[in-house]
């Protein structure tokens with residue numbers, strides 16, 4: 111790659127995708143140029159595959175993806191002047207009308223750019239967990255204090271990171287998206303939420319503060335809403351006032367609406383969901399385990415709907431002395447089976463590296479990199495992970511696995527939480543079996559299922 115003439119290769123790429131006039135949109139992720147083409151039939155894939163610096167071409171989810179590898183930014187910088195700034199960061203509608211493809215495109219477009227920070231912090235947190243397990247560090251003093259903060263940073267401030275990426279995807283300034291995310295998790299607001307405080311807006315509208323740290327879905331909806339406002343204000347406000355008034359008015363409306371309307375709606379959906387799960391658990395722990403195992407990591411947590419379960423978890427723990435529903439969620443290592451099998455099947459070196467590294471990260475309890483980087487971007491990995499997750503939820507239900515202590519850890523470091531103080535071994539064994547069997551099922555299904563991992 112060091113001998114590649116990026117300027118010449120960029121010219122050939124633009125020529126063979128059909129020219130500047132055929133490019134409706136252009137972004138890039140960790141390894142790929144992601145084109146949205148007006149007519150993909152005009153692209154000469156065979157010729158593009160022969161261009162120096164190009165690893166391969168992948169067509170998926172309404173995008174024409176040219177895999178470059180780690181030097182993708184160098185190629186991107188050379189392609190940009192050739193296609194024009196109007197093609198950058200636009201949210202062009204793909205030809206496919208399938209809702210699943212649109213969701214995949216949304217996830218890919220917003221989540222892939224934030225992966226380096228998420229993976230970096232995830233691995234740092236893994237290092238802290240290992241050192242903490244052996245008593246080398248703790249999160250209250252010395253280097254452990256700093257290490258823990260470094261590891262938690264990307265997860266805690268995720269709304270800020272995702273806000274910038276979402277803004278870029280929806281066609282507005284990423285820094286405005288950062289500001290929206292920051293406004294939703296400003297320390298004063300999160301402190302008020304922790305204290306259970308509430309206020310009355312405009313003298314008539316009651317509002318209880320909520321904590322949106324570590325969430326994804328609320329800020330994406332908020333930034334989408336902001337993009338509509340932003341483009342509206344750009345049309346009606348005179349040019350000489352746009353630089354100051356457009357971002358100010360966008361923030362002035364978006365952040366309060368996000369805090370008062372968007373966030374509470376997500377919480378309302380979350381409470382309905384959690385109440386339904388409690389009813390199902392009381393009706394049948396096995397059915398509840400199957401449902402939660404299939405959906406918790408893949409849908410409930412990424413959408414930020416898991417917060418409604420916290421009150422139930424804490425109430426059960428303080429009332430019963432243990433928490434049974436959390437016991438059903440012990441199989442986090444399950445999706446590592448999907449990631450490792452995916453890595454073994456993939457022919458793309460960068461994808462293989464991502465799959466293996468996130469698979470290891472997930473075993474140590476950090477699931478976000480693997481979820482957002484691979485699993486949630488492929489229909490088949492979602493299916494195999496759901497099947498394995500279902501099994502990993504049924505096993506602890508049968509073994510009556512429950513959480514007997516809140517250690518704040520997950521993955522293999524969270525296993526001690528499932529040890530029954532009475533000495534009974536069924537709870538702990540259920541947690542171990544859920545992870546081992548779930549891992550094996552996900553690995554086998556993903557590895558032997560015939561699908562192209564590089565699409």
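In my numbering, the protein residues as written are 111 to 565.
Where is the CB? At the ideal position from N, CA and C, for every residue including glycine.
All values reported here derive from a predicted model rather than from experimental measurement.
Look at the alpha carbon of residue i and the alpha carbon of residue j, and state the distance between them as a whole number of angstroms.
i: residue 555; j: residue 375; result: 36 Å
i: residue 128; j: residue 315; result: 55 Å
i: residue 202; j: residue 147; result: Residue placement at residue 202 is poorly supported in this model, since its pLDDT is 47, which falls under 50; the coordinates still yield a value, given next. Taking the straight line from one Cα to the other gives about 9 Å.
i: residue 542; j: residue 437; result: 11 Å
i: residue 366; j: residue 354; result: 19 Å
i: residue 460; j: residue 179; result: 7 Å
i: residue 283; j: residue 268; result: 17 Å
i: residue 357; j: residue 216; result: 24 Å
i: residue 126; j: residue 142; result: 16 Å
i: residue 551; j: residue 403; result: 13 Å
i: residue 206; j: residue 250; result: A caution first: residue 206 carries a pLDDT of 47, below 50, which makes its placement in the model unreliable, though a value can still be read off. Their Cα atoms are separated by approximately 51 Å.
i: residue 264; j: residue 321; result: 16 Å
i: residue 261; j: residue 494; result: 29 Å
i: residue 408; j: residue 492; result: 7 Å
i: residue 204; j: residue 343; result: Summary for residue 204: the model assigns pLDDT 45, below 50, so the residue's position carries little reliability; its value from the coordinates is reported in the next sentence. So the two alpha carbons sit approximately 26 Å from each other.
i: residue 359; j: residue 290; result: 12 Å
i: residue 364; j: residue 372; result: 10 Å
i: residue 400; j: residue 286; result: 41 Å
i: residue 119; j: residue 185; result: 8 Å
i: residue 156; j: residue 455; result: 23 Å
i: residue 505; j: residue 313; result: 52 Å
i: residue 498; j: residue 347; result: 53 Å
i: residue 423; j: residue 528; result: 14 Å
i: residue 405; j: residue 496; result: 7 Å
Can you check DSSP and say which residues form a bridge with residue i?
i: residue 145; result: 136 and 174
i: residue 433; result: 513
i: residue 522; result: According to DSSP, which records beta bridges pairwise, residue 522 is partnered with nothing at all.
i: residue 130; result: DSSP lists no partner for residue 130.
i: residue 169; result: 174
Report yes if the CB atom of residue i is closer than 8 Å to the CB atom of residue j, and no otherwise.
i: residue 351; j: residue 443; result: no
i: residue 449; j: residue 410; result: no
i: residue 165; j: residue 182; result: no
i: residue 327; j: residue 299; result: no
i: residue 266; j: residue 254; result: no
i: residue 361; j: residue 293; result: yes
i: residue 545; j: residue 469; result: no
i: residue 330; j: residue 220; result: yes
i: residue 446; j: residue 476; result: no
i: residue 306; j: residue 288; result: no
i: residue 537; j: residue 512; result: yes
i: residue 175; j: residue 167; result: yes
Whose C-alpha, out of the options, is nearest the C-alpha of residue i?
i: residue 302; options: 537, 312, 317 and 288; result: 317
i: residue 387; options: 150, 173, 499 and 434; result: 434
i: residue 124; options: 174, 524, 193 and 324; result: 193
i: residue 523; options: 560, 505 and 240; result: 240
i: residue 392; options: 510, 378 and 372; result: 510
i: residue 116; options: 313, 188 and 149; result: 188
i: residue 234; options: 252, 224 and 259; result: 259
i: residue 525; options: 439, 478 and 463; result: 439
i: residue 501; options: 398, 226, 224 and 345; result: 398
i: residue 229; options: 529, 481 and 490; result: 481
Original post:
If you scan the stretch 242 to 272 from start to end, which runs of the alpha helix (DSSP H) of 4 or more residues do you find wholly inside it?
Top reply: 252 to 266
**OP:** Tell me the start and end of each unbroken alpha helix (DSSP H) in the stretch 444 to 507 that is at least 4 residues and wholly inside, in chain order.
**Re:** If we require 4 residues or more, the alpha helix (DSSP H) runs fully inside the stretch 444 to 507 come out as 444 to 455, 459 to 473 and 478 to 483.
Original post:
If you scan the stretch 284 to 319 from start to end, which runs of the beta strand (DSSP E) of 3 or more residues do you find wholly inside it?
Top reply: 308 to 311 and 315 to 318
**OP:** Please go through the stretch 339 to 424 and give each complete beta strand (DSSP E) segment of 3 or more residues, from N-terminal end onward.
**Re:** none
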